[in-house]
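Encoded as C-alpha cells, the structure appears first; notes follow it.
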Amino acid sequence: MALSPLIDPFGRSIRYLRISVTPYCNFRCLYCQPDGPHLPEGPREEISPREWEKLVTLFARMGVEKVRLSGGEPTLRKDLVEIVSRLSKIEGIGEVSLSTHAMHLAPLAKELARAGLSRVNVSLDTLDADRFREISGRGDLRRVIEGVDAALAAGLDPIKLNAVPMKGINDHEIGDFLDFSAKRGLRMRFIELMPVGVARELYETRRMSGDEILERMRESGKWAELERHGKDGPARMFQRESDGLRVGVIHPLGKNFCDNCNRVRLTHRGEMRGCLFGAQNVPLRHLLEAEDWERVLEDGVRQALLSKPEKHRLEEGDDGELNSLAQIGG
Ligand code: SAM
C-alpha cells in the first residue's frame with residue numbers, strides 16, 4: 082500500500098536511492114582510497130539481502146522508483162546477485178542499477194541480468210593499461226573491458242562510462258574516450274574531480290573544470306548543448322554535430338547542481354544520509370527489528386530526511402567529513 086510521498090524540506094521529491102552495499106574496494110585509486118578503505122567507526126557488519134529488501138520496500142511505498150548499488154566495490158559482495166534479485170522484484174522499483182569498476186563483472190554479468198539488474202555504470206579513468214594500474218593501484222584494464230563487453234552482451238545497457246579527467250594524468254585521453262564510447266554505444270560521462278578527503282590536494286593541481294573538459298571535447302568537432310531531461314541526472318548533456326554522439330559533463334561544484342536532487346543514500350550498515358557531502362548518517366537498521374517495523378521505519382526515514390541540506394558546501398571546503406567517496410557509495 083502506498084504511503085505519502087517523501088518530500089524534503091526544500092520541496093524536492095525523493096525518487097532515487099543510492100545504496101552502498103559494502104565499504105570495501107580492492108582498488109586503491111589515487112584520488113579516492115590510495116591507502117585502502119577508511120572505515121567509519123562503529124559496527125562493521127554489512128546489511129543482509131533480506132534487510133535491504135525490507136528497507137527498499139518501505140522506500141518504494143514512499144515513492145522511490147530507482148535504486149543504484151554502489152560502494153566500495155559492490156561486486157566484492159558474494160551475495161550481490163541475491164540483493165539484486167530481491168530488490169528488482171519490489172513493487173514500484175522500476176530500475177536497479179550498479180556502479181562498478183567492472184574488473185569482476187564479466188563472470189557475473191549474465192547472472193545479474195537474470196536477477197533483474199537493469200543497467201551498469203562503469204568507472205574508468207584511462208584506456209592505457211599501465212596508466213590504469215597507476216591510477217587504480219591494482220586494476221587490470223583487459224578484465225575491465227571484458228566486463229564492459231560482457232555487460233553489453235547480457236543486455237545491461239545503456240552502460241554509462243564515468244571518467245574523472247585530471248590534468249597531466251589522463252586529460253589527453255578525452256578524445257580516446259569519445260572514440261571508445263562511440264564504438265561500443267556507451268554513454269560517456271566526464272566528472273570533475275571533487276575536493277574530498279585525499280583528493281583535496283590533487284584538486285588544487287590536477288582538477289579539470291567542466292569548461293576545460295569541453296574545450297578538449299571540441300578538439301574532435303562541434304558540440305551543441307542539449308536541453309536537460311530528468312533522466313540525465315545532474316549531467317549537462319552535449320551532442321557532437323558530426324555523428325550525434327551524446328556526452329555528459331558533470332560539474333558537482335557548479336551552480337544549481339543540487340536544485341533537482343531527488344536522492345538519498347543508505348550506507349552499508351543501513352544509515353540514511355541525505356547528501357553525499359553534508360548531512361548526518363541516521364541509523365535505520367535497528368528499526369527493522371521492531372514488531373511494527375514499517376511504521377517505526379517510516380517515521381525514522383521522514384525524520385532523517387529533515388537533515389537533507391538544500392545544497393552541499395564543497396566549494397566552501399566542507400566535504401561532510403568524508404575521507405573518500407567510497408566510504409558512502411559515491
Ligand atoms: N567501486 C565503484 C565504482 O568504481 O564505480 C563504486 C564506488 S566509486 C567511489 C564511485 C565513483 O566515485 C567512481 O566513478 C569514482 O571515480 C568516483 N570518485 C571517487 N572519488 C572521487 C572524487 N574525489 N572526485 C570525483 N569522483 C570521484
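Per our numbering, residue 82 is the first one in the sequence shown, and the count goes up by one each step. For glycine and all other residues, C-beta sits at the position ideal for the given N, C-alpha and C.
Problem set entry | Any non-hydrogen atom of ligand 1 closer than 7 angstroms to ILE294 Cβ | no
Problem set entry | Burial state of MET82, where buried means 16 or more other Cβ atoms lie within 10 Å | exposed
For this session: Would you decide whether LYS303 is buried or exposed? Buried here means 16 or more other CB atoms lie within 10 Å of its CB.
Result: With fewer than 16 Cβ atoms within 10 Å of its Cβ, LYS303 is classed as exposed.
Problem set entry | Own chain, CB closer than 8 angstroms to ALA196, minus 5 neighbours either side, in chain order | Exclusion of the five residues before and after ALA196 leaves VAL162, GLU163, VAL165, SER166, SER169 as the residues of its chain whose Cβ lies within less than 8 angstroms of its Cβ.
Exercise. In chain order, what residues of the same chain lie with their CB nearer than 6 angstroms to the CB of LEU222, ignoring the 5 residues before and after it?
Worked result: ALA210, PHE213
Exercise. Among PRO118, LEU347, GLY220, which has the Cα closest to the Cα of TYR97?
Worked result: LEU347
For this session: Below 6 angstroms CB to CB, which residues in the same chain sit around VAL201 once its five sequence neighbours on both sides are set aside?
Result: Excluding sequence neighbours, VAL201 sits near LEU179, ALA232, LEU237, ILE240.
Exercise. Sorry if obvious, but does the Cβ on GLY398 come closer than 7 angstroms to a heavy atom of ligand 1?
Worked result: No, the Cβ of GLY398 stays beyond 7 angstroms of every heavy atom of ligand 1.
For this session: Grab me the residues of GLY325's own chain with a C-beta within less than 8 angstroms of its C-beta, minus the 5 sequence neighbours each way, in chain order.
Result: none
For this session: Throw me the rounded Cβ distance for the VAL102 and HIS349 pair, which I believe falls under 8 angstroms.
Result: 6 angstroms
For this session: Quickly, what does DSSP pair TRP304 with across the bridge? List them, please.
Result: ARG321
Exercise. Between the beta-carbon of HIS182 and the beta-carbon of SER204, is there less than 8 angstroms?
Worked result: yes
Problem set entry | Beta-bridge pairing of GLU176 - partner residues as DSSP gives them | LYS147, per the DSSP bridge assignment.
Problem set entry | Three-state secondary structure (DSSP) of ILE164 | helix
For this session: Could you check what DSSP says for ALA244 in three-state terms: helix, strand or coil?
Result: strand
Problem set entry | C-alpha distance - LEU136 paired with HIS253, whole-angstrom precision | 43 angstroms
Problem set entry | Proximal residues to LEU387 (C-beta, below 7 angstroms), its chain only, five neighbours per side dropped | PRO90
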